[in-house]
Amino acid sequence: MESSCEPDGRDAPSVTYRDDISAPRGRRVTVRGAQRLSYAVVPHWNPRHVNDLLSAILLGIVEGITEFLPISSTGHLLIAERWLGARSDLFNIAIQAGAILAVTFIYWRTLWSFVVNWRRPETRDYLMKLSVAFVITAVLGLVVAKLGFKLPETVTPIAWALIAGGIWMMLAEKLAENRPERAAITWKVAILVGLAQIVAGVFPGTSRSAATIFIAMLAGTNNRAAATEFAFLVGIPTMYAATGYELLKTFTHGGAAGEDWTGLGVAFVVSTIVAFVAVKWLLGYIRSHRFTAFAVYRIALGIALLLLLPAGG
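Convert by adding 36 to the 1-based position in the sequence shown; the result is the number in this note's numbering.
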């Protein structure tokens with residue numbers, strides 16, 4: 037589009053506006069005077085960029101809420117991406133990293149106490165059990181990854197994992213409540229928690245937090261707060277290691293090419309903040325409530341996925 041203006045017939049500069057396809061983020065404004073020619077870029081409103089940023093924020097919120105609650109982040113992201121659009125592997129790694137960072141912030145005092153009190157027998161014992169659970173997950177996780185044994189992240193397996201996990205949670209908590217309360221972490225608990233993380237990795241929709249918390253409760257640590265804390269502390273090195281492994285694969289195969297770094301950065305920050313709030317809330321909630329509400333929600337969501345979404349999606 038071009039227009040010029042010369043008021044009152046005087047020797048005034050003319051102004052020419054041209055849409056410039058070589059500058060997709062703005063319009064080039066050409067200002068012509070008697071002997072001057074200058075250019076400026078006027079910002080251009082692009083609805084697509086706004087929509088992409090909004091979807092990144094919403095996906096960060098979904099990840100932040102669901103990563104450490106026992107309701108499966110995979111299932112919720114599957115639903116969210118159907119309406120908001122699928123994102124890159126690097127994007128998904130980033131929002132998961134944000135959630136892990138939030139839990140690290142929450143437990144920083146506990147982690148620091150491990151450093152300053154490592155000489156104490158009880159601290160060393162707890163650290164050894166955390167280490168055993170992590171090593172079991174790391175070693176078997178590499179074996180499983182090498183073999184390529186993992187169910188697809190599609191509706192049917194995720195929906196059934198949600199339903200089975202919800203039933204498992206209700207049964208496990210009921211059985212655990214019939215025993216004398218115990219907050220100690222045994223070697224049996226540590227080993228089974230390590231194995232439970234592998235199960236959660238192989239069966240999308242299981243939920244790592246649900247698998248580890250409830251195996252700990254069934255194996256003897258039926259104090260909800262103690263079982264949850266151990267599960268989350270094991271999850272910190274486990275998820276950092278998994279994130280590093282996935283990042284290495286992504287960059288090795290050129291997965292960062294063409295990435296929307298602005299959206300990724302915003303989603304990372306949103307995921308961190310939301311996960312911090314969600315985990316803080318959960319830790320307060322379980323002091324006086326059972327996990328029943330989460331179990332019922334999982335079952336309802338699984339049934340809804342089976343009924344409303346096509347099986348292959």
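Cβ atoms here follow ideal geometry from the backbone N, Cα and C, with glycine treated the same way.
So for residue i, helix, strand or coil by DSSP?
i           : result
residue 96  : helix
residue 81  : Per-residue confidence for residue 81 stands at a pLDDT of 48, beneath the threshold of 50, marking its modelled position as unreliable; the derived number appears in the next sentence. Coil.
residue 341 : helix
residue 194 : helix
residue 112 : helix
residue 243 : coil
residue 157 : helix
residue 103 : coil
residue 249 : helix
residue 149 : helix
residue 186 : coil
residue 327 : coil
residue 256 : coil
residue 322 : coil
residue 134 : helix
residue 143 : coil
residue 122 : coil
residue 165 : helix
Out of the options, which one is the CA nearest neighbour of residue i?
i           : options               : result
residue 318 : 92, 253, 107 and 222  : 107
residue 159 : 215, 126, 221 and 140 : 221
residue 146 : 345, 272, 342 and 341 : 272
residue 189 : 173, 134, 117 and 148 : 117
residue 330 : 218, 246 and 175      : 246
residue 323 : 230, 265 and 172      : 265
residue 208 : 240, 218, 253 and 231 : 253
residue 90  : 345, 339, 301 and 195 : 301
residue 149 : 210, 269 and 255      : 269
residue 130 : 274, 202 and 308      : 308
residue 119 : 88, 250 and 205       : 88
residue 315 : 261, 278, 101 and 95  : 101
residue 238 : 193, 226, 255 and 249 : 193
residue 261 : 287, 321 and 280      : 321
residue 344 : 175, 191 and 156      : 191
residue 289 : 126, 276 and 274      : 126
residue 137 : 313, 162 and 333      : 313
residue 135 : 109, 168 and 217      : 109
residue 128 : 154, 95, 152 and 144  : 95
residue 277 : 153, 154, 152 and 167 : 167
Less than 8 Å between the beta carbons of residue i and residue j, yes or no?
i           : j           : result
residue 114 : residue 99  : no
residue 215 : residue 259 : no
residue 97  : residue 306 : yes
residue 111 : residue 337 : yes
residue 233 : residue 173 : yes
residue 205 : residue 104 : no
residue 249 : residue 263 : yes
residue 225 : residue 255 : yes
residue 350 : residue 223 : Not covered by the structure: residue 350. The range shown for the chain is 37 to 349.
residue 203 : residue 335 : yes
residue 243 : residue 177 : no
residue 274 : residue 170 : yes
residue 299 : residue 122 : no
Under 8 Å by Cβ, that's how I've got residue i and residue j pegged, so tell me the actual separation to the nearest angstrom.
i           : j           : result
residue 230 : residue 197 : With a Cβ gap of about 20 Å, residue 230 and residue 197 do not count as contacting.
residue 303 : residue 139 : That belief does not hold up - the Cβ atoms of residue 303 and residue 139 are roughly 17 Å apart, past 8 Å.
residue 124 : residue 295 : 6 Å
Compare the C-beta of residue i with all C-beta atoms of chain B and state if any pair is closer than 8 Å.
i           : result
residue 230 : Absent from the structure is chain B; it holds one protein chain and no more.
I'd like the ranges of any alpha helix (DSSP H) spanning at least 4 consecutive residues and lying wholly in the region 198 to 240. Counting only runs that start and end inside the region 198 to 240, the alpha helix (DSSP H) elements of at least 4 residues fall at 223 to 238.
4 or more residues per run - each alpha helix (DSSP H) lying fully within the region 259 to 310: Taking only runs of at least 4 residues, the alpha helix (DSSP H) segments lying wholly in the region 259 to 310 are 260 to 288.
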